[in-house]
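A.B. asks: Could you have a look at this structure, given as structure tokens, before my questions?
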Amino acid sequence: MRKIIPLLGATLIQMVAGAALAQSSGEVDPAQGKAPPTARTTPAERSDARTERRATGREAARGPQMGEAQANPVTAPSKPRADRKAAASKRRAANAAANKQGQFSRGGNADAPERQTKP
Numbered sequence: 022m023r024k025i026i027p028l029l030g031a032t033l034i035q036m037v038a039g040a041a042l043a044q045s046s047g048e049v050d051p052a053q054g055k056a057p058p059t060a061r062t063t064p065a066e067r068s069d070a071r072t073e074r075r076a077t078g079r080e081a082a083r084g085p086q087m088g089e090a091q092a093n094p095v096t097a098p099s100k101p102r103a104d105r106k107a108a109a110s111k112r113r114a115a116n117a118a119a120n121k122q123g124q125f126s127r128g129g130n131a132d133a134p135e136r137q138t139k140p
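In terms of this note's numbering, the sequence shown has 131 at position 110, counting the first letter as 1, and numbering is strictly consecutive.
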């Protein structure tokens, strides 16, 4: 263990020293220090570019976003309200008749008060 630590330390020092010596002095070459000059744009050119960017931005904002999937509708088509009401009233009438005849069990437990017989 005592032999490994100094060897690792020496290796680490050599790696850091090599990286430090490879760096430049920090001075910029005057020929490459600045971007090449460009012609100034007119207000009309800026306006045209702005309207073009707005159009593409509007399309991107209104279109599908990242992570969104195009989901297909899986629901059945809706029936007219009158048909739904008629079906519901028919079900209610059938359930009321079955309830009057005692076809529905009340309480799932045999110890429920409704299921107990009176002596």
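C-beta atoms are modelled at their ideal positions from N, C-alpha and C, and glycine is treated no differently.
On the DSSP letters alone, give me the boundaries of the alpha helix (DSSP H) that Ser-99 sits inside.
C.D. replies: Taken as a continuous stretch (DSSP letters only), Ser-99 belongs to no alpha helix (DSSP H), as it is neither H nor E.
A.B. asks: Identify every run of the alpha helix (DSSP H) within the stretch 52-85, keeping only runs that are complete inside it and at least 4 residues long; order them along the chain.
C.D. replies: 64-83, all fully within the stretch 52-85.
A.B. asks: Give the straight-line distance between the Cα atoms of Ser-99 and Lys-121, rounded to the nearest whole angstrom.
C.D. replies: Going from the Cα of Ser-99 to the Cα of Lys-121 covers about 33 Å.
A.B. asks: Measure the C-alpha to C-alpha separation of Ala-12 and Lys-106 and round it to an integer number of angstroms.
C.D. replies: Here the chain covers residues 22 to 140 and nothing more, so residue 12 does not appear.
A.B. asks: For Arg-102, which residues from the same chain have a beta carbon less than 8 Å from its beta carbon, with the 5 sequence-adjacent residues on both sides left out?
C.D. replies: So the list is empty, once near-sequence residues are dropped.
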